[in-house]
Amino acid sequence: MDGDIIDQYMFPSPHPGIEVFVVTYMSQGLKVKGFFAAPKGNGVYDGFLYLRGGIKNVGQVRVPRLIEFASRGFAVFAPLYRGNGGGEGNEDFAGDDRYDAFAGFELLRRHPLVHPGRVHLFGFSRGGAMALHAALMAENVCSVAVWGGVTDMALTYQERPDLRRMMKRVIGGTPNKCPERYRHRTPLYHLERLKAPVLIIHGGRDENVSIEHAWRLERRLKQLGKPVTAWYFPTFTHYFPPPANRKTVQRLTQWMKQQPTV
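Under the working numbering, the letters of the sequence shown match residues 2 to 263, in that order.
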């Protein structure tokens, strides 16, 4: 079943109060890898699904980042996506690999350390699209946070000449040749079904994912009457300065814990 853990082993944790495991779990019949991090003990925590950006070796999951969220009282799970870290299958850039995010949500929802009505989705960069797709597929998502997130795949193709070769290979062509494939990967077109409140975080000088992605998401959610909060930082790029990053992590985790249980 999607989200079933079939193997796990401890990973060296740089934090004395946080345990980290390398997990193998099921997604669409594939054995996919991920990291799980949670406070030591037998408490019950909010779940935090961390959806990374990039593809393959670009934007890999960093354990210290997961610990940063786990240390704020979350049980964190970060899929590596299919085909990475020894997992089966091939990564699909917000195509079929969105099921790896959905299965990660199911893993958290059923985990003994997690309150099943308090699982939050967090996506950074390309992970923003993954978080929104997973929220559309899953029931009872407590909240969604999108930080520097991709929300329109055709816009990413236009903005990032350095990614075009990869996108044509993975998606099967250009937005002009395969508009339906880009539309399928673009969560903006499917938000009618979204129920969870959304938090948008974006830097105004982001050259990796332009702030236009955030504006389009906020505008569409407001058109649909969906609950949305946006924090824009005019002077920041894709990567916030460390002090601002830490402060924003504190704010967003507080925002998550303020959302009602589903």
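Just so you know, even glycine gets a beta-carbon here, dropped at the ideal spot from N, CA and C. Values in this document were obtained by computation on a predicted structure and should not be read as measured data.
Worksheet item: Quick one: is leucine 225 buried, meaning 16 or more other Cβ sit within 10 Å of its Cβ, or exposed?
Response: In summary, leucine 225 is exposed, with fewer than 16 beta-carbon neighbours lying within 10 Å of its beta-carbon over all protein chains present.
Discussion item. Tell me the rounded alpha-carbon separation between phenylalanine 103 and serine 28.
Written reply: Here the alpha carbons of serine 28 and phenylalanine 103 stand approximately 8 angstroms from one another.
Worksheet item: Mind checking whether glycine 88 and valine 142 have CB atoms under 8 angstroms apart?
Response: no
Worksheet item: Between arginine 220 and tyrosine 10, what straight-line distance do the alpha-carbon atoms span, to the nearest angstrom?
Response: 43 angstroms
Discussion item. Between glutamine 4 and leucine 137, how many whole angstroms is the CB-CB distance? I'm expecting something under 8 angstroms.
Written reply: It should be noted that the sequence gives glycine, not glutamine, for residue 4. Incorrect: roughly 17 angstroms between the Cβ atoms, too far for contact.
Item to complete: Could you please give the first and the last residue of the uninterrupted beta strand (DSSP E) stretch that includes phenylalanine 36?
Response: 31-40
Discussion item. According to DSSP, is histidine 239 part of a helix, a strand, or is it coil?
Written reply: Shown here, histidine 239 sits in coil according to DSSP, grouped into three states, outside any helix or strand.
Worksheet item: Terminal residues of the continuous alpha helix (DSSP H) containing methionine 264?
Response: Outside the displayed span of the chain (2 to 263) sits residue 264, for which this structure offers no information.
Worksheet item: Got a sec? Which residues, its chain only, sit under 6 angstroms from lysine 41 by beta carbon, not counting five neighbours each side?
Response: Gly18 and Glu20
Worksheet item: Taking one C-beta from the region 185-201 and one from the region 160-167 each time, how about it: are there three or more such pairs within less than 8 angstroms?
Response: With a cut-off of 8 angstroms, the region 160-167 and the region 185-201 do not count as touching, because too few Cβ pairs lie within range.
Worksheet entry | Nearest candidate by alpha-carbon position, reference alanine 231, set Gln255, Val199 and Glu140 | Restricting attention to Gln255, Val199 and Glu140, the CA atom closest to the CA of alanine 231 is found in Val199.
Worksheet item: Can you check whether the CB of arginine 170 is closer than 8 angstroms to the CB of isoleucine 56?
Response: no
Item to complete: Could you round the C-beta distance between phenylalanine 233 and histidine 203 to whole angstroms and report it? I think they count as a contact, below 8 angstroms.
Response: Sequence inspection shows tyrosine at residue 233; the phenylalanine mentioned does not correspond to that position. Yes, tyrosine 233 and histidine 203 are in contact; Cβ-Cβ is about 6 angstroms, under 8 angstroms.
Discussion item. If we require 3 or more residues per run, which beta strand (DSSP E) segments fall completely within the region 130-213?
Written reply: Correct list: 144-148 and 199-204.
Worksheet item: Between the beta-carbon of glycine 48 and the beta-carbon of phenylalanine 22, is there less than 8 angstroms?
Response: no
Discussion item. Quick check on DSSP: helix, strand or coil for glutamine 255?
Written reply: helix
Worksheet item: For glutamate 208, which of Arg119, Leu122 and Tyr240 has the nearest alpha-carbon?
Response: If we check each option's Cα against that of glutamate 208, Tyr240 comes out closest.
Worksheet item: Where does leucine 122 fall in DSSP's three states?
Response: strand
Worksheet item: Exposed or buried, what is threonine 236 when buried is set at 16 or more other beta-carbons lying within 10 Å of its beta-carbon?
Response: exposed
Fill in: Same chain, Cβ closer than 6 angstroms to isoleucine 212, five either side skipped, listed in chain order
His203 and Gly205
Worksheet entry | Cβ-heavy atom distance, glycine 204 to the ligand GTP, below 7 angstroms | With respect to the ligand GTP, the structure shown offers nothing to examine, as it has no ligands at all.
Worksheet item: How big is the Cα-Cα spacing for aspartate 101 and isoleucine 201?
Response: Spanning the two alpha carbons is a distance of roughly 22 angstroms.
Fill in: Three-way DSSP call (helix, strand, coil) for aspartate 47 in this model
strand
Discussion item. Using the three-state DSSP reduction, which class does threonine 249 fall into: helix, strand or coil?
Written reply: helix
Item to complete: Please go through the same chain and pick out, in chain order, the residues whose beta-carbon is closer than 7 angstroms to the beta-carbon of glycine 173, but skip the five residues on each side of it.
Response: Cys179 and Arg182
Worksheet item: CB-CB under 8 angstroms to arginine 111, same chain, minus the five flanking residues each way: which ones, in chain order?
Response: In chain order, Gly4 and Pro117 place their CB closer than 8 angstroms to the CB of arginine 111, counting only its own chain and leaving out the 5 sequence neighbours on each side.
Fill in: Test item: CB-CB of valine 147 and leucine 222 under 8 angstroms
no
Item to complete: Find out if the Cβ-Cβ distance for the pair isoleucine 68, proline 13 is shorter than 8 angstroms.
Response: no
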